Structures are given as C-alpha cells and as structure tokens.
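Residue numbers (our numbering), protein chains in the order written: chain A, 1 to 165; chain B, 1001 to 1520; chain C, 2001 to 2949; chain D, 3001 to 3073. Just so it is clear, CB atoms sit at the ideal spot from N, CA and C, and this is done for glycine as well. Since this is a predicted model, take the numbers as computed values, not measurements. Right, one structure below, let's go through it.
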Amino acid sequence: MPDPDTDATRSALALKLADATLETLRDPRGALLPILHAIQEEMGCIPESVIPAVAERLNLTRAEVYGVVTFYADFRTEPLGRSVVHVCLAESCQALGSAAVADAAKAHLGVDFEGTTADGAFTLRKVYCLGNCALSPSVMIGGDVHGRVSPGAVGELIEAGRAGP
Amino acid sequence: MTARVFVPRDSGALAMGAESVAAAIRDEAGRRGEPVDVVRTGSRGMYWLEPLVEVDAGGSRAAYGPVAASDVASLFDAGFLAGGAHALGHGPVEAIPYFANQERVTFARVGIVDPWSLDDYLDTGGFKGLANALSMGGAEIVDTVTESGLRGRGGAAFPTGIKWKTALDAPSDVKYVVANADEGDSGTFSDRMVMEGDPFMLIEGMIIAGLAIDAREGYIYLRSEYPHAHETLRRAIATAYDHAYLGDDILGSGRAFHLDVRLGAGAYICGEETALLESLEGKRGMIRPRPPLPAVSGLWGRPTILNNVITLASAPLIFEKGAAYYKDYGMGRSRGTLPFQVSGNIRRGGLVEKAFGLTLGDLLYDFGGGSRTGRPIRAVQVGGPLGAYIPESQFDTPLDYEAFSGIRAMLGHGGAVAFDDTVDMAAMARFAMDFCAEESCGKCTPCRIGSTRGVEVIDRIRADADRSGNLRLLGDLTDLMLYGSLCGLGGLIPYPVVSALKHFPEDFGAEDVKELNLPF
Amino acid sequence: MQSITDRDLGTPRPKTTRTVTVEIDHRTVEVPEGSTVMHAAAANGIAVPKLCATDSLEPFGSCRLCLVEIEGRRGYPASCTTPVEAGMKVRTQSERLADLRRGVMELYISDHPLDCLTCPANGHCELQDMAGAVGLRDVRYGYEGVHHLDAETDASNPYFAFDPSKCIVCSRCVRACEETQGTFALTVDGRGFASTIAAGMNEPFMDSECVSCGACVQACPTSTLMEKSVYAHGQPDRTVTTTCAYCGVGCSFKAEVKGTQVVRMVPNKDGQANHGHSCVKGRFAYGYASHPDRITQPLVRASIDDPWKEVSWDDAIAHAASEFKRIRDRYGRNALGGITSSRCTNEEAYLVQKLVRAGFGNNNVDTCARVCHSPTGYGLKTTLGTSAGTQAFDSVEEADVVMIIGANPTDGHPVFASQMKRRLRAGARLIIVDPRVIDLVRTPHVQADHHLQLRPGTNVAVINGLAHVIVTEGLTDDAFANERCDPDEYAEWKAFVSHEKYSPRNVERMTGVRAETLRRAARLYAKGPNSAIYYGLGVTEHSQGSTMVIGMANLAMATGNIGREGVGVSPLRGQNNVQGSCDMGSFPHELSGYRHLSDGETRRLFQQDWGVEIDPEPGLRIPNMFDAALDGSFKGMYIQGEDFVQSDPNTQHIEAAMRAMECVIVQDLFLNETAKFAHVFFPGATFLEKDGTFTNAERRIQRVRKIMPPAAGMADWEVTQAFSNAMGYPMRYAHPSEIMDEIARLTPTFRGVSFETIDRLGSVQWPCNDAMPEGTPTMHVGGFVRGKGKFVVTEYVETDERSSRRFPLLLTTGRVLAQYNVGAQTRRTPNREWHDEDILEIHPHDAEQRGIADGGLVSLASRVGDTVLKARVTERIQPGVVYTTFHHPLCGTNVVTTENSDWATNCPEYKVTAVEVAPVTRLSEWQEQYRDFTRKQEDLLRERASVRT
Amino acid sequence: MEVRRLVKMANDIGAFFERGGDAGGVANHIRMFWDPRMRREILVHLDETGGDGLTPIVREALQQHGHELDPGS
C-alpha cells in the first residue's frame, strides 16, 4: 500500500537531489543518469514513487524515466542490503575458479544471486568484470575490490565488509 | 634527505592492499624518524607483483613486491629506502624482464608519475602535443593523425584519421568529442590504467580532438564499475580547468574546450558507440542503426568524435613527437603499439605494451609465464567476451588485427584471457550466450531472442538431448546472429561460441563439426 | 494495425525531388534521393519482408527481416536503414537471405502463441504474413523455452486492449507514441529477452500518460494492441474514405466496414491534413452514431409542454411548413430565420442559407461560427482580404518560431498539435500567450520559450505591446510592409503602437505580462526568420475579438511574416466545418465566398440562378434573433445541428427567448438542450450517413462519404430540400455533388471545386479556380488578396466585464481533449471515462482564501446567473482567474457567461466573466430547475412511444 | 428590441472607431452588419431621447449618417 506521506517526502528528496545534480552539470541534457545515480546513492534505490517527480523536473514522461531505470543493471527500485557483495563472473575470473568463490559466498550468506540476507546486511550480486582481471578472481564488497580471492577467504572478506545498520 | 617511496593507487594494487601498505610505510617511517615522501602512482602493470613498492635509488627505481603491510618493517630493516636487498626485491624496475621487453610508448608515464600531479605531467612532456596542435589548423591535425596510422583501440581498429576527417567535414556549429571509457570486456584494463595512472594524457588527447574538428565540448563516458578512475579523472579535470587547459580560453589561444565525466550504469552494451551516445543523452542504451555514423550525427545529433580511451590518449604523443615517430612502431597496417593485457589463468598477469607483431604465445609464455595453475594452457580468449577462443595450435599467431581476422578471431582491445586444460569449452560457449542474453539491449531479434534460445540449445547439447539436431541448430543460430544482428554484441557472440565448438568439439560431444553449417 | 487497404513502403518518403538510379533485383529503377533501399524497393512493387519498419515511422532496424544483398558490400545490410546510392545493385531475394529470414521468424515464433485461428488479427497480421512470406515450416527451438505467453491482457482502455503475449517488441507502438503523437507514454521495460512494452511505469494504459490517440494501435503489426471493436466484430471487408466530424483539423479516415457496420476508424495515411494520425475523438468516439439516444423518427408537438408525436417525414415537413407559413403570414417574413450547422456538410449549410434567403425571403441566417470565429472572418478580411487562415497545417514544418495565442492545441486540435510538437522538438521556438498554463507551456520534450500569462481580456494590449517593442527596436520588415501594404496606413500604425501607452512597462500594468517577457517574445517573433501565429477562441471570444485578429494580422504584415510557408496567421477552427459553413454564406450579411449583400453584382448573380429577389439588407445575427424573439418580432427558427441553449452565453436569456418563439424546428441526432424547446424535431444524419464535403481550418475541402443509410431515412440536405419545397421554394438536387456544382458556379473562390476534383486530388484548398486549379495551400503569396494589405490601428479598450468587489474573479473557458463542444456526441461514448463533468480550476491562493478544497463543490456566480460544479485547485491558472469547460449541460457554465460580445461581430465574450466562487453543498437553483425541466422533457420524449402504439 | 443592448452594441462599435474620430466608420459598420429593425430602433432611440447612453461618437454617427442607416429611406 503506497503511503502518500512517505512518497511525498521521498519525492521531495529526489527533487532536491535532482536539482543539486543539475547544478553540477554544464549541459542539463542527458541529466537523467547522473540524477538517478545521485538518488540511488542517497536513497539506496530509486523508489518508483519518485519517478514522476524526476520525470517532471526533466520534462520527460514517467514512462521514459521508468524505461531508463529498468534498462540499467545498476538501478533498482527496491533497496539492496547495506553492503553489496559483487562476485565477478567474467571469463578471466572464471578461468581461476570464480564459480567456486561464488558458491562459497552463497554458502556464507545463505542467499543466491540477487538475494539479500535476512538481516538486510548483504545482497549478493554477480558482476561482469571489475577491470581487475590480472588479479582474478575478484570480489567487490561494499565498493572495495579484492583480488585473488580464494573460496576459503571470501567469508572473512565479507564479514570485514559488514556495514552498520 | 627525504626518501621518495612510490606506492600505486591503481585499483588493481588497491585490491591487493596497496592502501594499507602505503599507510604502513608512513607509520613505520614516522616510528623510525626517517623522513619518507610516499608518492602515489599508477601501476606498472605487473600485477602479480602488486602492491609493487618502488623507491628512488640513485637514478633508478628499486622495486619490491608484492608487499603486504606486514612486510613493511622488514623492508625498512633491509634499508629499502636506499635500495637495500630484500626477499621481495627485484632490483631496478626497468630491468625486470617483463618490463624491459616492452615498448612503453603510450604507457610511458603510467606507474611512474603521480597521476594527480600536473607538474609530474608537464615534467614528462605533457601538454607539448597540445601546444603543437594549437598552432595547427583542424585539417592539419586530422592529417597528422591520419599519417600516424593510428587505428581505433576499442576493438574495431577503424582508422582514426578517417573518423576525425568525417567529423571535421560534417557541417555543424556544434560538435563533440566523446571518450569511450566503458571498458567492459573481461580481460581488459588498459583504459582503466591510463585513467588511473595518467589522466592528463586522455584529457590532452581529447582537447586535441576538439581542436581538430572545432568541438568545444567533450564527455568521458565512464563505466560505473571504475570509481577510482572516476575520482582521478575528476581531480585531473578540475586541475586542467584551474590551469586553463580546459575552459573557454585554452592557454590563451581563444579556443574553448569543456570536459565532463558521465557515468554509465551497468550496461555492457553501452560500450557500443551508438548505445553509448543514447546513454549519454540520458536514455536507454539502445543501439542506433547506422548510417548515420556518429561522426556525422552523434551526440544530440551533432558530429561527434567518439574514440576509445587509448586511442585518444595516443594523440598527445603523436603531436609531441610527430606522426612518423608513432608510425615507426608496428607492422603492416597495424601501426604504433598496443597495450596487451594478459589475464585469466596466467602466472604473470598484467599489461604489456608492445608494437604489433608479438605472437600470442610470446605474450602467454614469455610475458605471462604460462598458467598460474601450472597446467597446460588449453584455450585463450582474445578480444573480450566477444572474442574467439584460440587453441594452442594457433598461439603462434602475431598479435595484429589482420593476422587475427585471418584465423577468424579478433584482437579487439588487446586482452587475452588464458584457461588451463580443466576448462569446459561447452560451458564457456554457454557462458558467452548467457552473457549476450544478460547484456543484450533487446533491440534486434537475433540477439534479443537468439541469445536466450542459444543458451537453451547449448543446455540441450550438454544434456545430450537431440545432440546432433541441436548442434545443427546452434550452427544456424550462430550464423543468423553473426550475419543478422544489429550490432557487435549479437554479431560477435558467435565468435566465442563457434570457436569453442570448432576447436574443442569434444567438449560438445560433437563428432564432425564440418557437417554443422557453422558460419566459419 | 494499419488499414486493410494500406500499402506500407516501410520507411517515410524522403522530402526531395532529386532522384537516383539503382538496380533492384535486376530492375533499374529511379527513386528519390535519400530513400532507403526498402522504400525504393517497395515503391517499385518489390516487397522486402519487414516487421519493425512502417512508413509512418523513422527507420529502426530491429527485426532484421529486411536484410538484403548489396553488390560490393560485406554481409547483409538491413534495407530499412540503408540509404540508396546511385548505381547500387541490390538483391532482395536469395537462398541465403531466405535462410536468414526464416531464422528470424523461427525466433519470433518460438515466443508467440500459436492461436492464429482465434486471434483477432487473423487474416490481417503482419507476423502471420511474414511467417508465410519467408516460408516458415518449423520452429526447431520448440516451445518449452522461456517465453512471454502468460502475460496478461490490459483492457483498461475502453477502446483497445493490450495483449503482451502477442508482442514481438518491435517498438512500433513506442515509436508511434513518440514520433507520431509526441506523448512519450510508452517505453520498453527491462532489456534483452525480458524487454516488454509498458505504458507509464508499467501501469494500466488508462492510468498512464496515454491520451488514447490510437497511434500505437495503428502501428502494431500484430494483435498486441488491437481495437476492442475488432475483437467484437472481426475483420472488416472494405474501407470508405471519409472526413472526421469533430474538430477543425479535418482528419481523413478510412472507415473500415463490414456491411454497414463500422468495425473501426483508421486515420488515412494519405490524409493531407492528418497524414495518418488521429486523436481519441476521431479515432474511437464514433459510437454515438449508434447510440440508443438517437431519434430516428420525426416528432412534432404544439407546445413544449406537450408530449411529442412521432409522425412520418411527410407529415413532419408539412406541419413545419404550415407553421412557418402561418408565422410569415401573421408576423411578416422577417419573423423567420434559420441556423446552418458547422457540423453539417458544406452542401447542407449552403442549402439552409439558400432556404432562408430564397424560401423565407430574408437574410435571417446565421451559424455557430457567430459564437466562435466570426471575428476571424471580420479581422482577416479587413486586413488581408480573405476571411480565412493563411496557411496549410504542413506550413508549421517550416516555422522557426511558433506563437500560440488563446488556443490549446493539445486539447482542442490534437492532431495538429502533434505535428506542431514534432516541429518544436526539432528546434522551433515557442511563444504562448494564454492566461492559463496550457500543456504546451511545458510538456515532455516541449518547453515554451516564453509564456505571456496575461489577464483575460487584455489581448489587444499584449499585441500592441509586442508591436511596440518590434517597431521601437526597429525589428520590422519595412521593405515588405511598404511594398505590400498601404504605406500611409503602415506609418500611422507604427506611430500608434510606438506610443508610450503600449510600452512594455505600461503593458505590464494593463495585462500582468512582465515587461521583460514581452520584450523577449517580441524580439523572438520578429527575428523568426519564419514566425507563425496560431490562435483560437482565446483571441476571438472577447469584446475586442475582431480587434485582436486585426492586431495579429498587423504584426504579421509588419514583420513580413505572411505570404510563404512557415509564417502566417492561422485560426484553429473549433468545429469540423466551421470554415465551410462560413464560406457557404451562412452569415446574415453576406453570400457565399464572403460577398456582402450590398454588392448588387453578386446579388444579381444569385437572383438569376435562384430565380428570386434577394433582400439587400443584412438579417439578424444569432444574439439579435434571441433579442428579437423576446421583443416579439422573431417567431420561427429552423436550427440545423446546433445546440445554442447549451453553447451560447447567458443560458437563462436564451431559454426565455426560446420559450417566446412559436415554432422552433430542431434538426439533430439527439434531444439536445435546444430541442427541449422545440416544436418540430427532424432527426439528423451523422457524417457516416451522408455524402458531402467539409472544409477544415486550412481551407481544405474534403469528402464525406456515406457508409450506411441515414438512420431516419433522410440525410440532412434531403430534409432541407423537402422543407424548402413544402415552403414553396422548389429545390431539385439528386445528389450533394449537384449542390457543390451550384456553389462553384456562384462562388469565384470555389470555381474549380467539384466532387470530381476532390476525388482526383484527395482534397483541395480554396481558392480553387482557373488561376489555382489545384487549390491554394498558402494565401497572399506575392501580394494580398485585397490588393494592399491594410494596417488598422487597434486601440486597447478595456472590457466592461471586470472584476469587482462582488465578483472579484475572472472566469475564462476552454475545452478538454476527450470532449467535443457541447458534448452531445462525445458524452455518448466511453470518452466520458476521461471527463465526466466540467471542473472549475482555481488557484491555490484563491481557493484557500475561500476555504475551497480540491474536489469540493463550489458555486460559480456572475451577474447573470450561477451554477455549481466541482473545484480543482491548481497552479495552472493564475490567481484571480478561474477556468472551466462547457461540455456538460448540468454543469451550466453558460448560465454564468454574459451577453457581452465582440464589437464587430457579436461573438460572445466567453473568455471573460466576472465571477465569485464559494464552497457549497448543493446544486444551484438553475440546476434544480434544469433537472426538473430535463426530466420532464425526457418523459415527454418517452411518452411519444405510447402515442404511437 | 431591448434598446439597452443596442446602445451597448453601438457604443462598442464606437469605441473601436473612437481613436480616429471616425463617426463614418461607426455608421458604415452599423449599416453593413445590423438588421434594419435594429437600425430603426436605435434611430428611434436617438430621436426620442437624444441618444441616451450613447457615446458622443456614436451619437455623431447616428446624427450625421442617420439617413443612410434608415432602412426606410
């Protein structure tokens, strides 16, 4: 059930972020991605309820904004865990056993890819290439990339990356 | 005298703990009362040695690596600040064979200078190319690039001079320069290394491109997975503005160039130039049909130079040292150098800048040192996830655009990912299709539906369900995708699939691949 | 799905006359330069398979069915995105291509239901056609893979269903919504195989930004987006090309028909006004034609308190004629009059005015243009010499600056608005002069450069202010003006507008438009280089409506913005045939072609042809008729297709006038508000039931073609003819084409017009005569029709209707997209799902002062009456101004509007009424009376059955 | 007809021609667009009341051009 008060607050915040982002851009065209990044960074996701406000600010339709949000893997309409564990599954990491690393991460967290732990601390996701291929396999935890990760070490790395609530 | 210690801030080094090493060195120096200036640099590209700590030792730099924070005290004990011997020591960096055997042209500064320091850049010849370009007309700049023989380093290897000339000749009062920094191919990281290790070089290259076609605005479209590159670029751009390399009046010339970084949002397809432009315009990253070419109608419908990072970053050198200097490197139609990247199951993973002509085997064994697991290398994927798998029998192929297309493979962005003999090539073929399905923009039918059906067909093959029928179907599907797709994602994904099937039919349980009507 | 008879050339025809020669399948063909290979092939009868391409949309290149082989090129380029080059050699068929195409179809069908036999698109489905064309025999992928077959249908829109299980994700719908309609309501949700089409944020269509124009439905190659009427009736078997009977855009449609059942209306791709586009009214809201409220038997009664009697046509006409003769005998011939309809055909309008002039023997004929665009006729005739807009719609594509004054195109003229928005998206600049924030001020991908949000009633001050800036800053085109216009008058006008009275600062005080905004807008307009004015009833429906029209013409002449494409002064006409009814001589002072009765030569021409004397004195205009009725000198009125009891101002005044008449004949489809006061009811015929022509806002004459027999047995022109014969003036037309022949014979600007000409050319814009045998898209090229353009000074005179302590707010009125005029047609369709009542818009400040809540009931009172309706609190309207529409009779907007009118034409001042608004809990007294009266009249109508049985 | 309305209509016309002091313009407009009975009534109003409520330019127009407006003449 949408809560109009919460939606209004969120939309107001999204608009503030949109305006702040627009101020940093020399050309307001193409501002949608930077604005969505800013909203997601601040709010943890792009709640559907803020899409109309963003659309209105950029003189787009909400269909257009929605289409963009759903196109890009980075953007999501529901929040993820406080810390996101990205296991790279691209070829270089696969060549050094990233599948086993992924399995270890799944076992440690008790969730599959795209799953969030019950305490909301972690979401497990796959990623294709972090640019750290010479040091495969790579895992990114809360934004920090780790190279040469072994299945045995992944649990410890994850715990070190636990973010407070 | 304050000792200078160099610790990379390259994200590969950081992934191996460079930050804590740098902190440990500062702490230890403080504890010991030895004045140390810790300079943060890019990476030399010898990633198996990261974090690779270097010290100024009388004209050359002594290398120690891989250094863990816990090694720092023993390094001090060994007098590493003066180049003292240590178990992690490798002597002068330039003498390490991996490095010594390279031709560091584009990457001359990377790992040496502080990427945030404009002075370092200027001290090493930075912005000399720009100064020369500022005295040239647009046509002259384009001619110089044409003469250098530079080809697009993003993968398609299109002659850069022709691209610039098209944009120069397209009539418009507004034009753009866009750097494709959406380096999404597995096994490639040279763009990232440049952006993290020598950002002014990219900036300078983009300004020169702007001068060439009278574009006054540029964008770097950077993948969101590269936060460190983002940070470094933002600092470098701010510095460039502060010193009038960017802005309304470049170095008092009256010429303007403005530059912004825009982030992608997790879409491999946005490495394709037309999808990149759509994304930059704030839209879904859908492929645009061509024609029109971006050079004629690119960003917001205006003529746009859209080049890969390394391509643009090659321009300053060409303008500093002349087209002939650059052209001198290389072979055949592949001029200059290419930063090869070797990764995957490899002992010495890293970046190797060499003139074209080196063989794949040289890269894998001479530089890479063979597999990390010590087992035989069975297959190498060159050119990213859309590149062919190359069997050992073809390791003698020179790393050259034409030579690679001769074996129905592609050099692409110069990345080579090695697999040892435990690899299941049918699984890799499935992965390729699955990757395509994950990353397809969904516009054209062969890619949108074909990649998903491709996964299903390979699954059936692997499950031995009507294996021969499904192998034939896979042949037809890859043929359709290769010839029918709108862009290089669906159009090239047959390369890994078909090469895997052709060179490793046993992994598919295929008896005679000649019967399969494979597209190549 | 496009029309069953459409030929689709795949990609749009390039706008060029240059050609290149190419070889396609060993045939050498000459094709327009810039054609795609697909278009070149299709134009020469070579069909390349395709699904994502359609010639109404830009090339997209997604389906990959249209791959071809081109000599010297690698691979298989898509023919839809590859332009032809001279000497190119193309093969569209080969074994290799056949394999690839089959491969594509195999993929499509692997994710498509196999229910062709029960699919509404069966027999007219592009996917089905392509499967056949490429010879698909087998889907080797099977049907067990992932798929979208379980996707649920969205039936929220009343007119069409969205069944995503049939979707092939070609994006034609998304592109049509963007490129054709300009609404951007659709998108693709997700990417890759997971891509699905979504309205809004994956909402039901009705909740999304969709305006139900139908462009997506037409673009869909499968039954994914399909009219519910096709689900209901099955595929049509023939098409009849006709013209929409809603607004003045005049969209051409192909009515798709099965027997006499209209299955659906498809906008005609060859339509010269609409180029294949439509809106929710024309496309879908034709169901009123078969609504049970239709009256299909003539009715008569002695007084309005009596029940109706159903009678035969003969009896009804005899009764009406005897009543009119009685009135004529008793009160004199000037006690009779007639009203032509702007909804009926040219031929019907012509016939009614002929009946009045020749049959009644007076000039008491008028038309509903009186209450909308009569100032256009006066103002443009005075300055330029022709009572019509200067441009074709397509002219907007050449405009650099568009100035919209007092018009709301996205609601009132949606199809032209789409064309205009396309031009605006391509870079034209936009100035809007309107008291209200209309959609075009800021709507996705369109943003006005300047919005001159003036106070209602101050148009003339604004136009003088714009002229002041342009003249005093030297931005006029003196060479043009001095050569084309009278230089003395031009100089006088310049001196007039240069006066300090119209300086931006003074104009700001008079109008509320900021001086700086005025200056910038003036400069933008003057610098064009091509600046075009489009205007609507916000210009004409004022006490200075005619002055404002003159003012706009002055401005266009002074800046050289007239006489070529991309410029001009263009009225957006409200009703389908308001231009035509005016052209036909419906006004009491002039004969067809705008020739004044005082012109003896013209009168003689008609007298000769008609065999009667024509009174040289002007007759009564509509408001004069009401006054005369109350005065007792006007007693009988024949009203064809007009409902002024709802549409005209000061309802109670009109009701009193209606009651004062002795014989009111209403010819209409329904028992409308006016018919409730009638003594004779002639059942009207819809546009689907007759032949004739309509003339749209760009002077374009188009055919209306009969699709089904008149529900009551007679078309409107036949009834007028029979009535005339009964009145003693003989008419003997066998077909409307004969009426048009007479019009052409008697009207110089129509000399070349005939049904044959129109059929041959598709349509024709008057003047059409020996000088311009194929019509005249742009007027005043090289010189003005009146000779020298005439500058007339336009002093701003404040309206008497101004806010006071008692009535502190100003009411202004307008239209909404879903409804049309009095709503008699659209209220009888599912369009009411979008707009079921008129709503009063009020600014939050004014609302708060009065304790008015959004959605609350409020009274709206003026010095002449009051009504009650719901409020919407919105910043679309400025403080001090309220706004509503008049589509619903019970809402009673015109109970409040006054009898003030344009000085020159008596066009009512609908746009300015001083009012007060207050929260209330129940309907007004008038509304209670209205309800009682309506209930009674409906009872009287119902009782007619009992009289018959 | 209600003379008040005719007076208002005439005055509105007068206001347009006021600036040029063009009484002939007022008269011509009334001549071209008013039904004879309306013209007659306003002239009667002028005769009977001296033009009560009429603005000076309208009064002047009716006085000077009355003969052209009188449908009986």
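| Item | Value |
| --- | --- |
| Suppose only complete runs of 3+ residues qualify. What are the beta strand (DSSP E) ranges in the segment 2619-2697 of chain C, listed by chain order? | 2636-2640, 2663-2668, 2680-2683, 2692-2695 |
| If distances are taken between C-alpha atoms only, which option among C:2002, C:2141, C:2938 comes closest to residue 2106 of chain C? | C:2141 |
| Could you give the residue range of the alpha helix (DSSP H) that holds residue 3064 of chain D? | 3056-3069 |
| Which residues does DSSP pair with residue 2901 of chain C in a beta bridge? | C:2908 |
| To the nearest angstrom, how far is the alpha carbon of residue 2254 of chain C from that of residue 1225 of chain B? | 54 Å |
| Can you tell me whether DSSP reads residue 2741 of chain C as helix, strand or coil? | helix |
| Tell me which same chain residues have a C-beta within less than 6 Å of the C-beta of residue 2629 of chain C, skipping the five on either side of it? | 2657, 2660, 2661 |
| Quick check on residue 2899 of chain C - is its C-beta less than 8 Å from some C-beta in chain D? | yes |
| Which residues, in order along the segment 2-27 of chain A, keep a beta-carbon less than 9 Å from a beta-carbon of chain C? | none |
| Report the CB separation of residue 2681 of chain C from residue 2321 of chain C in whole angstroms; it is logged as a contact under 8 Å. | So it is not a contact: roughly 15 Å between Cβ atoms. |
| Taking buried to mean at least 16 other C-beta atoms within 10 Å of its own C-beta, is residue 2115 of chain C buried or exposed? | exposed |
| Please report the residue range of the beta strand (DSSP E) in which residue 2162 of chain C lies. | 2160-2162 |
| Is there a C-beta anywhere in chain A that falls below 8 Å from the one on residue 2995 of chain C? | Outside the displayed range of chain C (2001 to 2949) lies residue 2995 of chain C, so it cannot be described from this structure. |
| Are the C-beta of residue 1263 of chain B and some C-beta of chain A separated by less than 8 Å? | yes |
| In three-state terms, what does DSSP make of residue 2112 of chain C? | coil |
| Please report how far the alpha carbon of residue 2858 of chain C lies from the alpha carbon of residue 2866 of chain C, in whole angstroms. | 10 Å |
| Grouping DSSP H, G and I as helix and E and B as strand, with all else coil, what is residue 16 of chain A? | helix |
| Return the bridge partner residues of residue 2750 of chain C from the DSSP annotation. | DSSP lists no partner for residue 2750 of chain C. |
| Please classify residue 1222 of chain B: does DSSP put it in a helix, a strand, or coil? | strand |
| Can you list, in chain order, the residues of its chain with a C-beta nearer than 6 Å to that of residue 2042 of chain C? Leave out the 5 residues immediately preceding and following it. | 2009, 2010 |
| What does a CB cutoff of less than 7 Å around residue 2205 of chain C pick up in its chain, not counting 5 residues either side in sequence? | 2154, 2156, 2157, 2162, 2199 |
| Sort out for me which residues DSSP pairs residue 1331 of chain B with in a bridge. | B:1334 |
| Tell me whether residue 2366 of chain C sits in a helix, a strand or coil according to DSSP, three-state version. | strand |
| Just to confirm the assignment, what range does the beta strand (DSSP E) spanning residue 88 of chain A have? | 83-88 |
| Shortest alpha-carbon distance to residue 2318 of chain C belongs to which of C:2347, C:2088, C:2719, C:2567? | C:2719 |
| Hey, out of C:2732, C:2762, C:2811, C:2767, whose CA is closest to residue 2749 of chain C's CA? | C:2767 |
| Check the Cβ-Cβ distances between residue 1349 of chain B and every residue of chain A, and say whether any is below 8 Å. | yes |
| So residue 2193 of chain C contacts chain B; which residues on that side make the cut at Cβ distance below 8 Å? | 1437, 1440, 1442, 1448, 1449, 1451, 1452 |
| Can you confirm whether residue 1225 of chain B, when its beta carbon is compared against all beta carbons of chain A, has any partner nearer than 8 Å? | yes |
| Go to residue 1060 of chain B, then tell me how far its beta strand (DSSP E) extends in each direction, as first and last residue. | 1060-1064 |
| Looking only at its chain, what residues have a beta carbon closer than 7 Å to the beta carbon of residue 1286 of chain B, apart from the 5 residues adjacent to it on each side? | 1275, 1278, 1441, 1443 |
| Using the Cα positions of residue 1344 of chain B and residue 1495 of chain B, report the straight-line distance between them to the nearest angstrom. | 19 Å |
| Quick check: the Cα distance between residue 1284 of chain B and residue 44 of chain A, rounded to an integer number of angstroms? | 21 Å |
| Determine the contact status of residue 1070 of chain B and residue 1318 of chain B, defining contact as a CB-CB distance below 8 Å. | no |
| Any idea what DSSP makes of residue 2428 of chain C, helix, strand or coil? | coil |
| Closest to residue 91 of chain A by CA distance: which of A:18, A:131, A:140 is it? | A:131 |
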